[in-house]
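Residue numbers (this note's numbering): 969 to 1435.
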């Protein structure tokens, strides 16, 4: 294997780690500590794991780029910023014509491996540490394994065959071990099974928002589905259901809004906090035109406009349309899930929900397949939205109904592109959707190109995935 300088080596600087909410990530500066003398006390490890959470919240991940690569890529959202200037790169993503030098790809890759490096360091140093509270050490190990798994899942879905790095990097170079996406998913499954046994079922007080055993089992179910293991997915998802920790919020509208965050339906969400400290979210800027402050693409925005195709997918009377979309002052439709009234651009209190219980029910329906139970799970989600007619009476194939219900339920939640790929219909659906743009099935790339700077920095060690 070739060696690559400084690509996967991202030993975390002990910086002023961000507040990911009102609670567990409000931290003091640690600039007087270096890596070697830092990982010793219980507090040191809490600070370190909070830094990994901060990586998930960054623009390189859930703060922006995952939205572009998973939602804007699909038939759900259009790039609302035009096709020239700063918006050209976004437009290329929507048309499957992105460049290998696109900053969205470079930053997603680098940011992802930065978080992985942080978690690897935490896991390595935990092996050497003697904490005052061993139970805290177990919990932090579970959190680190989950966060690393979540990032690896997103990178594997986006790029396919990627480097697998599981150890702390302590030298200026690292051996690149590019493996198949299947191997990545297998590693994630092993890690999540461990994490699930280490994590608590719930938290209270200032720790609300941390990863739970239910979050680990939910991600495990998703990864097993992605890896084609429906039986293992079913087992993991049933553990979430049987935990009795979660339930559907009776009113779809009550999932959304700052006052409804971390509710009974929420399994894991990225915590944000406004206040000018640089740790607020930008989702209001991206999705709510009338409340955006940044001034569109010229202000660094990446506006997301619901497509006519998405809007037409809803039945009359569906609360997911009634409570999930609104009309701007200019008469345009927009997604209301991330509405708020920030006083500073990209500084909203609005969290991002990664997993919620409706996802568990619909993934379980996917895992068990067409059956009375499967139809019942779909109907449970439909009925919450006011659709009382049974899904099995719609006259459509089971998987088509399931994919449709997932689209209606999770618009704007970064699930559509991975869903299209997992169900094996991405090329056909996207070619139909973009036919007016001259896009054919052969043009629809299932993988993003590995950033060219990574290829150039590691000649012969990284192989570009088939596009």
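In this text, a Cβ means the ideal position worked out from N, Cα and C, and glycines have one as well.
Owing to the predicted nature of the structure, the values given are computational and were not obtained by experimental measurement.
Range covered by the alpha helix (DSSP H) that runs through residue i
{"i": "residue 1302", "result": "It is not in any alpha helix (DSSP H) - residue 1302 instead sits in the beta strand (DSSP E) that spans 1301-1303."}
{"i": "residue 1032", "result": "Run containing residue 1032: none; DSSP gives neither H nor E here."}
{"i": "residue 1272", "result": "Careful: residue 1272 lies outside any alpha helix (DSSP H), inside the beta strand (DSSP E) at 1272-1274."}
{"i": "residue 1344", "result": "1340-1352"}
{"i": "residue 1331", "result": "1325-1336"}
{"i": "residue 1165", "result": "1149-1166"}
{"i": "residue 1127", "result": "1102-1127"}
{"i": "residue 1079", "result": "1071-1096"}
{"i": "residue 1223", "result": "Unbroken run through residue 1223: none, as it is neither H nor E."}
{"i": "residue 1061", "result": "1056-1062"}
{"i": "residue 1017", "result": "1010-1025"}
{"i": "residue 1189", "result": "1181-1194"}
{"i": "residue 1199", "result": "1198-1210"}
C-alpha distance - residue i paired with residue j, whole-angstrom precision
{"i": "residue 986", "j": "residue 1348", "result": "Note that residue 986 scores 34 on pLDDT, short of 50, meaning its location in the model is unreliable; the coordinates nonetheless yield the value given after this. Using only the alpha carbons, I get a separation of about 38 angstroms."}
{"i": "residue 1344", "j": "residue 1129", "result": "37 angstroms"}
{"i": "residue 1144", "j": "residue 1057", "result": "28 angstroms"}
{"i": "residue 991", "j": "residue 1173", "result": "Confidence at residue 991 is low in this model, with a pLDDT of 41, below 50, so its placement is unreliable and the value that follows should be read with caution. So the alpha carbons of these two residues sit roughly 8 angstroms apart."}
{"i": "residue 1414", "j": "residue 1065", "result": "12 angstroms"}
{"i": "residue 1009", "j": "residue 1106", "result": "14 angstroms"}
{"i": "residue 1022", "j": "residue 1356", "result": "41 angstroms"}
{"i": "residue 1315", "j": "residue 1218", "result": "29 angstroms"}
{"i": "residue 1122", "j": "residue 1159", "result": "15 angstroms"}
{"i": "residue 1171", "j": "residue 1216", "result": "19 angstroms"}
{"i": "residue 1061", "j": "residue 1379", "result": "18 angstroms"}
{"i": "residue 1360", "j": "residue 1388", "result": "21 angstroms"}
{"i": "residue 1118", "j": "residue 1386", "result": "14 angstroms"}
{"i": "residue 1256", "j": "residue 1246", "result": "20 angstroms"}
{"i": "residue 1164", "j": "residue 1180", "result": "8 angstroms"}
{"i": "residue 994", "j": "residue 1083", "result": "Reliability of the predicted coordinates at residue 994 is poor, the pLDDT of 26 falling under 50, and the value obtained from them is presented with this limitation in mind. Spanning the two alpha carbons is a distance of roughly 19 angstroms."}
{"i": "residue 999", "j": "residue 1399", "result": "Here the model assigns residue 999 a pLDDT of 36, short of 50, so the residue's position is not dependable and the matter cannot be decided."}
{"i": "residue 967", "j": "residue 1403", "result": "Nothing can be reported for residue 967: it is not among the residues displayed for the chain, which extend from 969 to 1435."}
{"i": "residue 1044", "j": "residue 1401", "result": "10 angstroms"}
{"i": "residue 1156", "j": "residue 1027", "result": "23 angstroms"}
{"i": "residue 1298", "j": "residue 1273", "result": "13 angstroms"}
{"i": "residue 1047", "j": "residue 1087", "result": "33 angstroms"}
{"i": "residue 1127", "j": "residue 1264", "result": "28 angstroms"}
Selection from the options that minimises the alpha carbon distance to residue i
{"i": "residue 1253", "options": "1019, 1049, 1404, 1098", "result": "1049"}
{"i": "residue 1139", "options": "1183, 1199, 1231, 1089", "result": "1089"}
{"i": "residue 1287", "options": "1034, 1431, 1354", "result": "1354"}
{"i": "residue 1365", "options": "1342, 1386, 1377, 1320", "result": "1342"}
{"i": "residue 1473", "options": "1339, 1081, 1084, 1186", "result": "Nothing about residue 1473 can be read from this structure; the chain reaches only from 969 to 1435."}
{"i": "residue 1125", "options": "1082, 1334, 1246, 1195", "result": "1195"}
{"i": "residue 1429", "options": "1141, 1257, 1292", "result": "1141"}
{"i": "residue 1042", "options": "1423, 1418, 1396, 1424", "result": "1396"}
{"i": "residue 1024", "options": "1059, 1214, 1098, 1115", "result": "1115"}
{"i": "residue 1337", "options": "1326, 1309, 1368, 1324", "result": "1368"}
{"i": "residue 1275", "options": "1384, 1412, 1225, 1211", "result": "1384"}
{"i": "residue 1328", "options": "1404, 1300, 1207, 1155", "result": "1207"}
{"i": "residue 1416", "options": "1034, 1068, 1175", "result": "1068"}
{"i": "residue 1034", "options": "1007, 1013, 1079", "result": "1079"}
{"i": "residue 1096", "options": "1081, 1136, 1131", "result": "1136"}
{"i": "residue 1075", "options": "1040, 1325, 1029", "result": "1029"}
{"i": "residue 1422", "options": "1077, 1267, 1156, 1312", "result": "1077"}
{"i": "residue 1198", "options": "1420, 1099, 1332", "result": "1332"}
{"i": "residue 1120", "options": "1408, 1154, 1166", "result": "1154"}
{"i": "residue 1221", "options": "1011, 1093, 1304", "result": "1304"}
{"i": "residue 1059", "options": "1267, 1225, 1271", "result": "1271"}
{"i": "residue 1209", "options": "1051, 1167, 1326", "result": "1326"}
Extent of the continuous beta strand (DSSP E) run through residue i
{"i": "residue 1235", "result": "1234-1238"}
{"i": "residue 1143", "result": "1141-1143"}
{"i": "residue 1418", "result": "Residue 1418 -> no beta strand (DSSP E), and no H or E assigned at all."}
{"i": "residue 1378", "result": "That residue, residue 1378, is in no beta strand (DSSP E); its alpha helix (DSSP H) goes 1366-1378."}
{"i": "residue 1046", "result": "1045-1047"}
{"i": "residue 1285", "result": "First-last for residue 1285: undefined, no H or E at that position."}
{"i": "residue 1243", "result": "From DSSP, residue 1243 is part of no beta strand (DSSP E); its letter is neither H nor E."}
Presumed contact (8 angstroms Cβ cut-off) between residue i and residue j, rounded CB distance
{"i": "residue 1200", "j": "residue 1192", "result": "4 angstroms"}
{"i": "residue 1317", "j": "residue 1259", "result": "With a Cβ gap of about 13 angstroms, residue 1317 and residue 1259 do not count as contacting."}
{"i": "residue 1249", "j": "residue 1031", "result": "7 angstroms"}
{"i": "residue 1431", "j": "residue 1133", "result": "Going by Cβ atoms, the distance from residue 1431 to residue 1133 rounds to 17 angstroms, so no, they are not a contact pair."}
{"i": "residue 1036", "j": "residue 1405", "result": "In fact, because the Cβ distance is near 18 angstroms, the residues do not count as touching under 8 angstroms."}
{"i": "residue 1302", "j": "residue 1292", "result": "Actually they do not touch by this definition, with Cβ atoms about 10 angstroms apart."}
{"i": "residue 1335", "j": "residue 1205", "result": "6 angstroms"}
{"i": "residue 1211", "j": "residue 1280", "result": "Wrong, their Cβ atoms sit about 37 angstroms apart, outside the cutoff."}
{"i": "residue 1007", "j": "residue 1016", "result": "7 angstroms"}
{"i": "residue 1108", "j": "residue 1251", "result": "About 28 angstroms separates the two Cβ atoms, so there is no contact after all."}
{"i": "residue 1381", "j": "residue 1330", "result": "Wrong, their Cβ atoms sit about 12 angstroms apart, outside the cutoff."}
{"i": "residue 1419", "j": "residue 1073", "result": "5 angstroms"}
Quick one: any contact between the segment 1349-1361 and the segment 1373-1384, if contact means 3 or more CB pairs under 8 angstroms? Flag = yes, the segment 1349-1361 and the segment 1373-1384 touch.
If you pair each beta-carbon of the segment 1282-1301 with each one of the segment 1235-1242, do three or more pairs fall below 8 angstroms? The segment 1282-1301 makes no contact with the segment 1235-1242, as fewer than three CB pairs between them are under 8 angstroms.
Three-pair Cβ contact test at 8 angstroms for the segment 1097-1106 versus the segment 1387-1395: No, they do not touch.
Determine, using beta-carbon pairs with one atom in the segment 1224-1234 and one in the segment 1309-1326, whether at least three such pairs fall under 8 angstroms. Contact between the segment 1224-1234 and the segment 1309-1326 is present, because at least three Cβ pairs lie under 8 angstroms.
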